[in-house]
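First the structure, in the form of structure tokens, and then the observations on it.
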Amino acid sequence: MGSRASTLLREEEIEEIKKETGFSHSQITRLYSRFTSLDKGENGTLSREDFQRIPELAINPLGDRIINAFFPEAEDQVNFRGFMRTLAHFRPIEDNSKNVAVSEPLNSRTNKLLFAFRLYDLDRDDKISRDELLQVLRMMVGVNISDEQLGSIADRTIQEADTNGDNSISFSEFIKVLEKVDVEQKMSIRFLH
Amino acid sequence: MGASVLFEAGTERGAFYMLLLLVLCCFGGKCELQESKPSAQTDFPGVEPFHNDFDEPQAFPDEERAHLPMFTMDYPRIQLPFEFTLWVLLASFAKIGFHIYNKITIWIPESCLLISIGLIVGAIMHSVKEEPPAVLNSNVFFLYMLPLIVLDNGYFMPTRPFFENAGTVLWYAVVGTVWNSVGIGISLFAICQFEVFGVQDINLQENLLFASIISTVDPVAALNVFDDIGVNEQTYIIIFGEGLFNDAVTVVLYNMFTFLAAMPVVESTDVILGTARFFVVAAGGVLFGLLFGFVAAFTTRFTHNVRQIEPLFVFMYSYLAYLVAECFAISSVMALITCAITMKHYVEENVSQRSCTTIRHVVKMLATISETLIFFFLGVVTITTEHEWNWAYILFTLLFTFIWRGIGILVLTQIINPFRTIPLNFKDQFGLAYGGLRGAICFALVFTLPDTINRKNLFVTASVAVIIFTVFIQGISIRPIVEYMNIRKTNKDTNTINMEVHTRMMEHVLSGIEDLCGQWSHYYWKDKFKKFNDRVLRRILIRDNKAESSILSLYKKLELQNAIGLLDSPLGDLSAAPSIVSLQDERNDASRPKKKFLAADVRKMHNILAKNMYKIRQTMSYTNKYNLPDESRTREILIRRHASIRRSLRAESFRELPSQNLPRSQKYYSLQPGGNLETAFPLRRRNHGGSEDMDHLSALTPRSSSHSLVPMRRLNTINETGNAGEQPAASSQPHSPPPVDALDMRGPGSLEGSIFRGRKAPVPAPKRHLSDRIDREEDLVDSERAGEAVRPPLLPPPRDWEPENPEPRENETLLRDSSQGPRGSGRS
Chain A
-3 MGSRASTLLR EEEIEEIKKE TGFSHSQITR LYSRFTSLDK GENGTLSRED
47 FQRIPELAIN PLGDRIINAF FPEAEDQVNF RGFMRTLAHF RPIEDNSKNV
97 AVSEPLNSRT NKLLFAFRLY DLDRDDKISR DELLQVLRMM VGVNISDEQL
147 GSIADRTIQE ADTNGDNSIS FSEFIKVLEK VDVEQKMSIR FLH
Chain B
2 MGASVLFEAG TERGAFYMLL LLVLCCFGGK CELQESKPSA QTDFPGVEPF
52 HNDFDEPQAF PDEERAHLPM FTMDYPRIQL PFEFTLWVLL ASFAKIGFHI
102 YNKITIWIPE SCLLISIGLI VGAIMHSVKE EPPAVLNSNV FFLYMLPLIV
152 LDNGYFMPTR PFFENAGTVL WYAVVGTVWN SVGIGISLFA ICQFEVFGVQ
202 DINLQENLLF ASIISTVDPV AALNVFDDIG VNEQTYIIIF GEGLFNDAVT
252 VVLYNMFTFL AAMPVVESTD VILGTARFFV VAAGGVLFGL LFGFVAAFTT
302 RFTHNVRQIE PLFVFMYSYL AYLVAECFAI SSVMALITCA ITMKHYVEEN
352 VSQRSCTTIR HVVKMLATIS ETLIFFFLGV VTITTEHEWN WAYILFTLLF
402 TFIWRGIGIL VLTQIINPFR TIPLNFKDQF GLAYGGLRGA ICFALVFTLP
452 DTINRKNLFV TASVAVIIFT VFIQGISIRP IVEYMNIRKT NKDTNTINME
502 VHTRMMEHVL SGIEDLCGQW SHYYWKDKFK KFNDRVLRRI LIRDNKAESS
552 ILSLYKKLEL QNAIGLLDSP LGDLSAAPSI VSLQDERNDA SRPKKKFLAA
602 DVRKMHNILA KNMYKIRQTM SYTNKYNLPD ESRTREILIR RHASIRRSLR
652 AESFRELPSQ NLPRSQKYYS LQPGGNLETA FPLRRRNHGG SEDMDHLSAL
702 TPRSSSHSLV PMRRLNTINE TGNAGEQPAA SSQPHSPPPV DALDMRGPGS
752 LEGSIFRGRK APVPAPKRHL SDRIDREEDL VDSERAGEAV RPPLLPPPRD
802 WEPENPEPRE NETLLRDSSQ GPRGSGRS
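Here it is, written out as structure tokens:
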């Protein structure tokens, strides 16, 4: 399966992905074999069901949001490019910014934060409303928290972050609130070579 | 610690009664023991010749006596089982006693408490000059007590993390133990050379033998602490696996060194043979385990008519594996573990639900009892055996165990870190090193030393000292130390709620992405094995073999347990959130005054979040050694995914939607967990087909938000769920009458009432096929909603969904009817 997979991925494609995402050659081939192993329909794209089949993701509290992040708007299939583009957010940040070709690499701190922001903000209005926050909070906590408590926590969250008084968290407010958090480390995976 | 301060009168009394009971049991035992002596104390006047015949039951009176004895007693007949039962009860009472006050077990690991009670009982027995039962001789421990513990470890071993970290685990277990043994042995031998300590007569082999015994790690107490202090899954599985496998290694080393110790001269060939023997032992153990595991799985394929004895097979086959391996002097521990791991998956699919539960409970029960007894007797025997105390030797032993373990972990980690996906950081290493407590195996092995070793008593004393030191000092202190280390890293008080929530969210995302990439496993082999498993093994070993995705089987199992458990457990309202009320509030946001949050409130929030937010991955499910794995979290998440579909659809209807993209993404708030994708998810399939149409739907949803209330519609889906067979027909029926109801229900006053009805999305007139989909989804969702007060409706939905096949004919009739309603109502 490994050999068959790599022949389907052309060298030019690998180069393009490498330029766009910054992954190394071996990482790309490795992730490609993972992609094909998930692709049960063998049509070169993944649907949401393919992601659902991963058992660990099914019992991840934010599983659906994560899967959703792979599918750009109004599409149900993601090809390998899209797959890698999303995964590229999780590459560790390099210390030296030698990749000047891309305006801002996908794995920059801002883009990582944008990824996280988008997990909350489903309607893409660039604001996390109280409702959106409540939904994610509810997904993340157990049954022992009542609605009122959760509502208070959501209110407090918005209060802490909201600087312009619109009762929602904008992306800039989000960035500000997390400035002390080591986002680079929290949103990075060391991909195997 | 705070425990003493918080000690209430009630618990004090309870604890006192427990102690009293313990002492009574003790004395009871003592009295019984005394009566076993052939003395005339227990004679009754009418039964004089009796006491000389210990084996004969007191059936007939003697001819010499004329009258029938009213009351007789034959203690020796029942002596052995009776005493055994009393000891087990005593140990169990001790356990009950600890848990009366929960906080004790947080600060002091159970093993400490058990040893303390054992010490007390031992002191009592010693003072009345009693002999403890000979429980810890070689046979009893190795043939009866150890297999139970190992079976528990093997059966509940989390296989996925284990195999993903197998290399590291084996590295630490094997190489680490050998390193420790050799290091400690040689250092002690060096110490022995000094005349001043007086231990010159211990030669190298004996030192090595002793060192191999001492280096066995028993991580029970460490494991209990680890999940609370946030050690990650990696470290957990390493400690777990190391504790498991170094038993095997130690036994091999022990046998080897015993053999060598008996020989006057050691040649290099012996060392090489020893190494070769290690591989034979390990591989042989695994082979035997696999063999018995497969046979057990195969047997359970045919047991569907004899459900009552199904659990028996698990125990018998594992025990057989153990005994046969012992017979051939290969690693019985490895055999048992392999057997349990192999057996578990196939057996659990073949046997009935009850048998499965029984097996789990009995395994846990036997293991807990065995472990309790071991620690208990450790305390007892400590007092009652002869000791030889040699300050220098014992202190140096302690010192060397620390040093060598610390160095060992450091060096080994340095070597293996480059090969690992996630390297072990310093905190992990410290946890590994400091968590290396010694325990029961160590103790048992030292007792079984052959008596040819002339300093055996010294060894016994030294091991007991090391065990007690590590268990008490390290076991109690590991928690505060690691908490201190944790606190130094994350200064909790300055964390805002935002940081706490968002960082946990990011951690979940990260672990999700890692699982998605298959970062841990070498999934190539895993895929291969899975294919082999599906094609060959499952066909042979499992009775009803349907190729199911693991999610579906997990889901089914959980739904089943859920349905059984939900009826009596208060689960809280998982399915309602954000509730209608809070969503209402969203509209009143501007008008609501800003709440003031005091510092106390914020602290409370921090506490609530810290206690209730889900931890990453499933570390909770297997961290507590004394409990069965906890599947409640998985259950909650899966149930919630049902609910969030409903939530997403409801939110869809009255959100402000500036962009067209909302419905698409909102629809996937929560997808049905796995399942037979060909039939069970018409939802998704339909959506695939009509992607562009959904955008139009979104444009229409703002309509309803202009109303203060979402129009609700009753769907008679509750009837449908009863008759699973007539889905398509039944579901189409109720759609015609409801639109009329919707008109009645509209209005601010009926907010409460409308909660219990279905919700109808505003139907766009031209886009008829869309509303059908929404309706269908609502049906499925609302079938749960409609049964709000009753729990069981949660169960039907998955089966309910299956027969739902979109048929164009029905669509049109449906749409025509439902589209009449809103159009007729003039909402457009």
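Chains as they are written, first to last, in my numbering: chain A, -3 to 189; chain B, 2 to 829. Built from N, CA and C at the ideal position, the CB exists for glycine as well.
Is residue j closer than 8 Å to residue i when the C-beta atoms are compared?
i	j	result
I150 of chain B	A322 of chain B	no
L58 of chain A	V502 of chain B	no
L425 of chain B	Q235 of chain B	yes
E389 of chain B	T462 of chain B	yes
V170 of chain B	G98 of chain B	no
A65 of chain A	R126 of chain A	no
I384 of chain B	G123 of chain B	yes
S216 of chain B	T251 of chain B	yes
A283 of chain B	A249 of chain B	yes
F397 of chain B	I192 of chain B	yes
M344 of chain B	G294 of chain B	yes
Measuring alpha carbon to alpha carbon, tell me which residue in the options is nearest residue i.
i	options	result
N256 of chain B	B:V315, B:V467, B:P419, B:S333	B:S333
F47 of chain A	B:H607, B:I514, B:P419	B:I514
E484 of chain B	B:G119, B:L288, B:K532, B:G432	B:G432
M126 of chain B	B:L399, B:Q309, B:F378	B:F378
E1 of chain B	B:N391, B:G380, B:M158, B:I185	Summary: the structure shown does not reach residue 1 of chain B, with chain B confined to residues 2 through 829, and so no result is reported for it.
D545 of chain B	B:W108, B:T276, B:V348	B:V348
S478 of chain B	B:N458, B:G437, B:K457, B:F444	B:G437
C443 of chain B	B:E387, B:Y320, B:S464	B:S464
L109 of chain A	A:F76, A:F187, A:S148, A:V177	A:V177
G290 of chain B	B:T304, B:I331, B:D535, B:F598	B:I331
H85 of chain A	A:D122, A:S164, A:F167, A:T17	A:T17
R87 of chain A	A:K14, A:I149, A:D122	A:K14
L838 of chain B	B:I375, B:F397, B:R78	Here chain B covers residues 2 to 829 and nothing more, so residue 838 of chain B does not appear.
I121 of chain B	B:N103, B:Y102, B:D153, B:A92	B:A92
Mapping the DSSP letters down to three states, classify residue i as helix, strand or coil.
i	result
M71 of chain B	coil
N56 of chain A	coil
L42 of chain A	strand
V764 of chain B	Because the pLDDT at V764 of chain B is just 36, under 50, the model does not fix this residue reliably, and the point stays unresolved.
C27 of chain B	Any reading at C27 of chain B needs caution, since the residue's pLDDT is 49, under 50, leaving its predicted position unreliable; the model's value is listed next. Note: C27 of chain B maps to helix in three-state DSSP.
N75 of chain A	strand
T442 of chain B	Rather than Thr, the amino acid found at residue 442 of chain B in this sequence is Ile. Reduced to three states, the DSSP call for I442 of chain B is helix.
V137 of chain A	strand
I640 of chain B	helix
I581 of chain B	Because the pLDDT of I581 of chain B is 41, which lies under 50, any placement of that residue in the model is unreliable, and the number read from its coordinates should be weighed accordingly. Helix, per DSSP.
I498 of chain B	helix
Y335 of chain B	Before going on, a small fix: residue 335 of chain B reads as Met here, not Tyr. Helix.
First and last residue of the alpha helix (DSSP H) that includes residue i?
i	result
D162 of chain A	No alpha helix (DSSP H) contains D162 of chain A, which DSSP labels as neither H nor E.
F378 of chain B	354 to 385
N208 of chain B	205 to 215
L147 of chain B	147 to 156
D151 of chain A	143 to 157
H100 of chain B	76 to 101
N458 of chain B	457 to 470
V412 of chain B	392 to 417
E311 of chain B	311 to 328
K182 of chain A	179 to 182
Pull up the CB-CB distance for residue i and residue j, whole angstroms please, since I reckon it's below 8 Å.
i	j	result
L102 of chain A	Y116 of chain A	Not quite, the Cβ-Cβ distance comes to about 19 Å (not below 8 Å), so this is no contact.
I417 of chain B	W172 of chain B	5 Å
A212 of chain B	I185 of chain B	4 Å
S1 of chain B	L209 of chain B	The question about residue 1 of chain B has no answer, for chain B in this structure spans 2 to 829.
R308 of chain B	S356 of chain B	6 Å
V352 of chain B	T304 of chain B	7 Å
Along the stretch 242 to 255 of chain B, what residues have a CB closer than 8 Å to any CB found in chain D? Structure shown: chain D not included; protein chains present are A and B.
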